[in-house]
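Only one structure is covered here, and it is reproduced in the block below.
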Amino acid sequence: MPTDLELHTLETQPLQPALERRRAPRPEREFVRFTRLQRALHACMIVSFLSLATTGLTLKFSYTGWAVLLSRLLGGFQTAGYIHRTAAVLMFGVFSTHLYNLYQLKKSEYKSWWALLFGPNTMLPTRQDLRQFLATMKWFLGRGPRPQYGRWTYWEKFDYFAVFWGIAIIGSTGLTLWFPVFFTRILPGQFLNVATIIHSDEALLATGFIFTVHFFNTHLRPEKFPMDTTVFTGHMPLAELKRDKPLEYEALVASGKLEAQLEEPQPEIVVRTIRAFAWIALSIGFSTVVWIIYAMLFAYR
Numbered sequence: 063m064p065t066d067l068e069l070h071t072l073e074t075q076p077l078q079p080a081l082e083r084r085r086a087p088r089p090e091r092e093f094v095r096f097t098r099l100q101r102a103l104h105a106c107m108i109v110s111f112l113s114l115a116t117t118g119l120t121l122k123f124s125y126t127g128w129a130v131l132l133s134r135l136l137g138g139f140q141t142a143g144y145i146h147r148t149a150a151v152l153m154f155g156v157f158s159t160h161l162y163n164l165y166q167l168k169k170s171e172y173k174s175w176w177a178l179l180f181g182p183n184t185m186l187p188t189r190q191d192l193r194q195f196l197a198t199m200k201w202f203l204g205r206g207p208r209p210q211y212g213r214w215t216y217w218e219k220f221d222y223f224a225v226f227w228g229i230a231i232i233g234s235t236g237l238t239l240w241f242p243v244f245f246t247r248i249l250p251g252q253f254l255n256v257a258t259i260i261h262s263d264e265a266l267l268a269t270g271f272i273f274t275v276h277f278f279n280t281h282l283r284p285e286k287f288p289m290d291t292t293v294f295t296g297h298m299p300l301a302e303l304k305r306d307k308p309l310e311y312e313a314l315v316a317s318g319k320l321e322a323q324l325e326e327p328q329p330e331i332v333v334r335t336i337r338a339f340a341w342i343a344l345s346i347g348f349s350t351v352v353w354i355i356y357a358m359l360f361a362y363r
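When you line the sequence shown up against my numbering, it's residues 63 to 363, in that order.
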């Protein structure tokens, strides 16, 4: 027969795992910086931009060996053209969805376009951005402290409006080249030659900027290296929010809205999948920069 001590042990043993789970510390909640729609639009933009860049460069630098090899892997130059136009449709879809989301945001939260465009979280450049830019230059030279950034930094706003510029210039000229018969009914035929130059050179400039300056600002800075997954997971650790966006953190605490924007971290399997996708995008981007440099410096030799 078991003793009283053994019976007590048997009775309490099944409760121990439950108690341990109850006492286990919860993972620290994270600040939700981007919504699910914003993350999905960014992912679609990555896919579309990488497709546009790689297929477009194979056509622009078709005299190089790497362009010929890449076009063969894609199914030939004609197939690369089909992929290019499909990616362009996806890009237009992302842009249109974002504009509609802004309209919905205005109706639900800001009530007016003025509050959305000129409120404290505006994406438009302000005097504060100019002051922070000058303060950042002084910080780089060791002449002052690091600026206190808010919701959006000046370089984030520049990246944001680069999309509007690209859609307007690269997108419009691309449509002209896609439907030349239609557009030459209202435009002189010589405009097609101009559109070809603008579309090609502006696309090359955008590709070089995204795969160098944008990649550095978002992933290669010392505090972000080797990768910033915030725009992919939508979450940012509170310590990172305090360090990178102190003005936004203080505003959220003062307004009492911080607690409502905290959630549990994403599951580990989700984070690993996101990192794999992001590493593939980074690898393609950096490879593209190498291909461009090779084509412009060594291909003619």
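Where a beta carbon is used, it is the ideal one built from N, C-alpha and C, also for glycine. None of the values given here were measured: they were computed from a predicted structure.
Per DSSP, residue 298 forms a beta bridge with which residues?
Per DSSP, 93.
Do residue 228 and residue 257 come within 8 angstroms of each other at the CB atom, strictly closer than that value?
Not closer than 8 angstroms, so no.
The region 120-139 contacting the region 276-292, beta-carbon criterion three pairs below 8 angstroms
No, the region 120-139 does not touch the region 276-292.
In terms of alpha-carbon separation, which member of 262, 343, 165 and 319 lies closest to residue 124?
Between residue 124 and the set 262, 343, 165 and 319, the nearest pair of CA atoms involves 262.
Is there contact between the region 108-120 and the region 89-96, where contact requires at least three CB pairs shorter than 8 angstroms?
Counting C-beta pairs with one atom in each stretch, the region 108-120 and the region 89-96 have fewer than three that are closer than 8 angstroms, which means they do not touch.
Beta carbon of residue 179 nearer than 8 angstroms to that of residue 167:
Their beta carbons are not under 8 angstroms apart, which means residue 179 does not touch residue 167 by this criterion.
Ends of the alpha helix (DSSP H) at residue 220?
Segment 216-228, the alpha helix (DSSP H) holding residue 220.
Spell out a yes or no on whether the region 93-109 and the region 151-169 are touching, meaning 3 or more CB-CB pairs, one atom from each, closer than 8 angstroms.
In short, these stretches touch, since the Cβ pair count reaches three.
Counting only runs that start and end within the region 226-283, where is the alpha helix (DSSP H) found for 4 or more residues in a row?
Whole alpha helix (DSSP H) segments, 4+ residues: 234-240, 242-245 and 253-271.
If you drop the 5 nearest sequence neighbours on each side, which residues of the same chain put their C-beta closer than 8 angstroms to that of residue 160?
The beta carbon of residue 160 sits closer than 8 angstroms to the beta carbons of 103 from its chain, once the five residues preceding and following it are set aside; these are given in chain order.
Which term fits residue 95, buried or exposed, when burial requires 16 or more other beta carbons within 10 angstroms of its beta carbon?
Buried.
If you compare alpha carbons, which of 172, 298 and 270 is closest to residue 325?
Closest in alpha carbon position to residue 325, among 172, 298 and 270, is 298.
Assign residue 354 to buried or exposed, taking buried as 16 or more other Cβ atoms, counted over all protein chains shown, within 10 Å of its Cβ.
By the 10 Å Cβ count, residue 354 comes out buried.
Which residue wins for smallest C-alpha separation from residue 259, given the options 330, 322, 231 and 241?
Nearest of 330, 322, 231 and 241 to residue 259, Cα basis: 231.
Report, in whole angstroms, the separation of the C-beta atoms of residue 185 and residue 211, which I expect to be a contact under 8 angstroms.
Wrong, their Cβ atoms sit about 14 angstroms apart, outside the cutoff.
DSSP three-state assignment for residue 355, whether helix, strand or coil
Residue 355 falls in the helix class under three-state DSSP.
Just verifying my parser: in three-state terms, what is the DSSP assignment at residue 326?
Coil, per DSSP.
Within 10 angstroms of its Cβ, does residue 314 collect 16 or more other Cβ (buried), or is it exposed?
With 16 or more Cβ atoms within 10 Å of its Cβ, residue 314 is classed as buried.
Give me, in chain order, the residues of the same chain whose beta-carbon lies closer than 7 angstroms to that of residue 367; leave out the 5 immediate sequence neighbours on both sides.
Past the edges of the chain, shown from 63 to 363, lies residue 367, and the structure says nothing about it.
Name the residue from 224, 226 and 254 whose alpha carbon lies nearest to the alpha carbon of residue 237.
Looking at the Cα atoms, 254 is the closest of the given residues.
Extract the residue ranges of the alpha helix (DSSP H) inside the region 123-170, only unbroken runs of 4 or more that lie entirely within it.
Correct list: 127-136 and 139-167.
Does DSSP put residue 185 in a helix, a strand or coil?
If DSSP states are grouped into helix, strand and coil, residue 185 belongs with coil.
Whole angstroms is fine: what's the gap from residue 343's alpha carbon to residue 130's?
So the two alpha carbons sit approximately 21 angstroms from each other.
Taking the alpha helix (DSSP H) that residue 180 belongs to, which residues open and close that run?
Going by DSSP, residue 180 is part of the alpha helix (DSSP H) stretching over 175-180.
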